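Residue numbers (the working numbering): 9 to 991.
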């Protein structure tokens, strides 16, 4: 038998196997279109979903689907088990096995049957275990033919296809990982409500049944089933419009309400002080119970999740007479008891209405203080409003029959600062928190506060995809794969890599500082813009680095935009371009403003340029937002996007600082590490010497030459040693080039060995203990009028111990380490350190897993049982040092754990470091604004030379980002300096 025969037989076998696993089903082929068959007595949502599928087929193929055409040779037959006569007949006639879906929650099967009845060649059969299962099955076919769930909400126009032929694998889908999965429409004042009232649903003048129908369609397409409706005062209560609950039931959407809306009641809109009295249970319980009873009766025959408990009006604590915790707990217990009696009286006999308790803000304190909560009530844990879940169920709570859930934010109004405009929650962080929630039993209810839906599209889909099948998201790399698939579906496989990389960079920059936090201001009360914590003269100038990063994002998104086909251009604008343009230009507005103020203080003419660039960024946001609202899709989205929710200072038009004008033009010089410019008139100003170069690291420092006054000025740089490397050696400053940044580095191979000198390098306030081994030279800055000399020093001792060394090394009095770059790690008795990618300041964090591991709280237990990270570092100094650890600011899983690790240098005893915060403390505020928790411990480096830093797990789940060992040289900066790894 030759190779050709073997290949032929192999292909036959493969073809046979393929035929066993999938069957072709033509929806549109040779001008014929499959008909959709449902039982008209099935649930309304089945009819709605079949209409959506028929419309999707028409959008893809241009062919009209005729429903209920029983003589069609190919049919899509869908129905709910026990509610569809046609499905029941098929099951009986063809002995279809439905055991995998029978009695299950929202589960469905899709399979192809040959010759199901006379004259019918093939039937694509969709059987749902319940009404939503059937609807999800029908819309699964929409996904298979290439229709995005965002077809309407983000204008993802389907690809046209003359023929639609699917390879169907007989398969069961579900049961979903989370029972109730959905979104909370919140803080809708500036977008969704205005868009609905003034544009989409003017006949209602509000978010009403027409708008909710579109939201509910989206939820079905995303396999969600729950909504907390919009509830601000600008929107009338959901139940104000009787049709709303009918539309929700038609779409099989479960209605729930937030922590501030007990018993499906919108207190903001429904409580009338004039007719109902004070909203306080201790003095006016009968009036409050009257409202609860009214809503319970009104919703008795509809699916709902009833939030029990009580808070004050609009996100405020409950008012009580006795202002002590015990009295508050007792009153809240009475509220819950009364509510449950009301629900019992308005439920079918023996059926308990689903109930949820949301321990949000002060209510968490009441729960932790011993509140007695009935065990069939679902505990809905909350994040701290910034993406970090406050608490999860302990072992005892995980046994509750009501289970648990999570209420999570990607949009928030409140202290320390809002983020209501763009989506800036890192998807990998959301994955880490939600998979953690599942591990601790929170799989009954997941609700995402997504503001106005737009521009939260990707994170909404990710959140709901995880809720549908959390087992598909076991590792951090599944998030990148998910984003790749999402990008490919929406914009083509050829663009998926570039878009995913772009969005990962966007999310990393937003993790370091959300766009809405760039004014360094706060709310409640609202404060004016403050001084940035980003340094402009240390570590390469953090402000300029961030400018460059955002300019790079803008360049890349514009390049990708050119490759997007026309029919997806509007979708790309909404899903990718506008979010990046908005975030980058808001950053640039503030970064250029900070740059303007800084250089104006040095008298630079370039201050005017930075002011202009800041204003241009602001105007770009205005222009793009106007396009979004008024031009995109011919005004479909008019009023949906606001560039200044709540009109906070961060969104305001920038102001400018004007430099003092020089009478004649002169050359100004500023070099890295100094706030002031070089001034020849001040003796020993120390502003004319570069930071010390170190041949063991790759140092690059900048110098700025700038024009003071108007006119033109030629300049030249003359290095006095051949090992000094300059990015540019000459140029001209004029009205088109008011300043220029030159980068200075060294050729390490050419630098001679340093002399043994004992003085500290100029310009630094720490003292070197051993000899400095310095090489000194200079750069002359020459203009027609004068020459200025800048000192250049290199630390180059040529120690033999470093010739084969591979670890980290001291540079300028500190050692900087990215936590994922350990030299060794040792697994513990139960846990080990691993890496999550796509999170943290460096893009990777080291995390101790599994989360079920036992916390080690004694020093002996830590040393014997905990996993260890080890980092080799070499110092040229010795003495007491500060070890700074930066972690992702997560909270303890529950009262049984903390957020701790232990640290030691060399053979010292481990010292425990705790990252936990409590309540809404100042430390917590700074942590969430920065997405970083920094703690430090004192340690001793007993001699210059080689050392080991050891970090042990104390609590599982702690996520380490960066490490800084400060021997006295670290200057003020927002982020830790770049790694000082031996080069």
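We put the CB at the ideal spot given by N, CA and C, even for glycine.
Every value quoted in this text rests on a predicted model; they were computed, and no experiment measured them.
Once you ignore the five residues that flank residue i on each side, which residues in its own chain have a CB closer than 6 Å to its CB?
i: residue 874; result: 836, 864, 960, 961
i: residue 989; result: 816
i: residue 883; result: 818, 949, 952
i: residue 602; result: 540, 551
i: residue 986; result: none
i: residue 770; result: At residue 770 the pLDDT is 34, less than 50, meaning the model places this residue with poor confidence; the figure from the coordinates comes in the next sentence. If we look at residue 770 and ignore the five residues flanking it on each side, its Cβ neighbours are 694, 697.
Taking 8 Å as the line, does the beta carbon of residue i fall inside it for any heavy atom of the ligand MG?
i: residue 239; result: You won't find the ligand MG in this model; it holds no ligand whatsoever.
Can you name, in chain order, every residue of its own chain whose Cβ lies under 7 Å from the Cβ of residue i, other than the five neighbours on each side?
i: residue 522; result: 427, 432
i: residue 154; result: 68, 166, 167
i: residue 623; result: 662
i: residue 832; result: 878
i: residue 393; result: 417, 420, 422
i: residue 920; result: 908, 910, 962
i: residue 731; result: 754, 755, 758, 759
i: residue 931; result: 925
How would you label residue i, buried or exposed, when you count the other beta carbons within 10 angstroms and need 16 or more for buried?
i: residue 926; result: exposed
i: residue 563; result: exposed
i: residue 633; result: buried
i: residue 442; result: buried
i: residue 861; result: buried
i: residue 253; result: buried
i: residue 668; result: exposed
i: residue 775; result: The pLDDT assigned to residue 775 is 42, lower than 50, so where the model puts this residue is not dependable; a value taken from the coordinates is nonetheless given after this. By the neighbour-count rule (16 or more Cβ atoms within 10 Å), residue 775 is not buried but exposed.
i: residue 773; result: Because residue 773 sits at a pLDDT of 39, beneath the cut-off of 50, its placement in the model cannot be relied upon, and the point is left open.
i: residue 912; result: buried
i: residue 359; result: exposed
i: residue 27; result: Summary for residue 27: the model assigns pLDDT 38, below 50, so the residue's position carries little reliability; its value from the coordinates is reported in the next sentence. When all chains shown are included, residue 27 counts as exposed.
i: residue 377; result: exposed
i: residue 324; result: exposed
Can you give me the Cβ contacts of residue i inside the same chain, cut-off strictly under 8 Å, excluding the 5 residues immediately before and after it?
i: residue 121; result: 98, 102, 104, 130, 131, 133
i: residue 994; result: With the chain covering 9 to 991 only, the question about residue 994 has no answer from this structure.
i: residue 81; result: 40, 127, 128, 129, 130
i: residue 444; result: 397, 400, 859, 901, 965
i: residue 389; result: 367, 397, 398, 399, 400, 401, 412, 413, 414, 415, 445, 450
i: residue 409; result: 383, 384
i: residue 485; result: 845
i: residue 487; result: 435, 436, 439, 470, 481, 846
i: residue 169; result: 36, 68, 69, 153, 154
i: residue 1013; result: Residue 1013 lies beyond the residue range present for the chain, which begins at 9 and ends at 991; the question has no answer from this structure.
So the candidates are the options; which of them puts its Cα closest to the Cα of residue i?
i: residue 439; options: 33, 453, 470, 452; result: 470
i: residue 894; options: 956, 969, 965; result: 969
i: residue 124; options: 108, 83, 107; result: 83
i: residue 530; options: 887, 43, 933; result: 933
i: residue 829; options: 971, 955, 721, 742; result: 971
i: residue 702; options: 258, 801, 672; result: 801
i: residue 248; options: 307, 281, 194; result: 307
i: residue 262; options: 455, 612, 931; result: 455
i: residue 958; options: 857, 915, 586, 245; result: 915
Look up residue i in the DSSP assignment and give the residues it is bridged to.
i: residue 973; result: 823, 891
i: residue 960; result: 876, 910
i: residue 803; result: 702, 782
i: residue 921; result: 909
i: residue 854; result: 843, 968
### Task
Report yes or no: do the segment 472–484 and the segment 211–225 share at least 3 C-beta pairs separated by less than 8 Å?
In short, these stretches do not touch, since the Cβ pair count stays below three.
### Query
Contact between the segment 369–376 and the segment 412–419: three or more CB pairs below 8 Å?
With a cut-off of 8 Å, the segment 412–419 and the segment 369–376 do not count as touching, because too few Cβ pairs lie within range.
#### Entry: Given 8 Å, three or more beta-carbon pairs between the segment 597–616 and the segment 576–584
Fewer than three beta-carbon pairs drawn from the segment 597–616 and the segment 576–584 are found closer than 8 Å, and the two stretches are therefore not classed as touching.
### Query
On the three-pair Cβ rule with 8 Å, is the segment 458–473 touching the segment 222–231?
Touching, per the Cβ criterion.
### Task
Spell out a yes or no on whether the segment 976–985 and the segment 820–832 are touching, meaning 3 or more CB-CB pairs, one atom from each, closer than 8 Å.
With the cut-off at 8 Å, the segment 976–985 and the segment 820–832 touch.
### Query
Within the chosen definition, does the segment 915–925 reach the segment 360–367 through at least 3 CB pairs nearer than 8 Å?
No, because fewer than three Cβ pairs between the segment 915–925 and the segment 360–367 fall closer than 8 Å, the two stretches do not touch.
### Query
Within the chosen definition, does the segment 639–653 reach the segment 175–192 through at least 3 CB pairs nearer than 8 Å?
With fewer than three CB-CB distances shorter than 8 Å, the segment 639–653 does not count as touching the segment 175–192.
### Task
Determine contact between the segment 137–147 and the segment 112–120, defined as no fewer than three beta-carbon pairs at a distance below 8 Å.
Below 8 Å, enough C-beta pairs join the segment 137–147 and the segment 112–120 to call them touching: three or more.
### Query
Can at least three beta-carbon pairs, one atom from the segment 591–606 and one from the segment 511–530, be found at a separation below 8 Å?
Three or more beta-carbon pairs drawn from the segment 591–606 and the segment 511–530 are found closer than 8 Å, and the two stretches are therefore classed as touching.
### Task
For the segment 940–947 and the segment 779–796, state whether three or more C-beta atom pairs, one from each stretch, are separated by less than 8 Å.
Per the Cβ contact rule, the segment 940–947 is not in contact with the segment 779–796 (fewer than 3 Cβ pairs under 8 Å).
### Message
For the segment 257–266 against the segment 204–217, do three or more pairs of beta-carbon atoms, one drawn from each stretch, fall closer than 8 Å, so that the two count as touching?
### Response
With the rule of 3 Cβ pairs closer than 8 Å, the segment 257–266 does not count as touching the segment 204–217.
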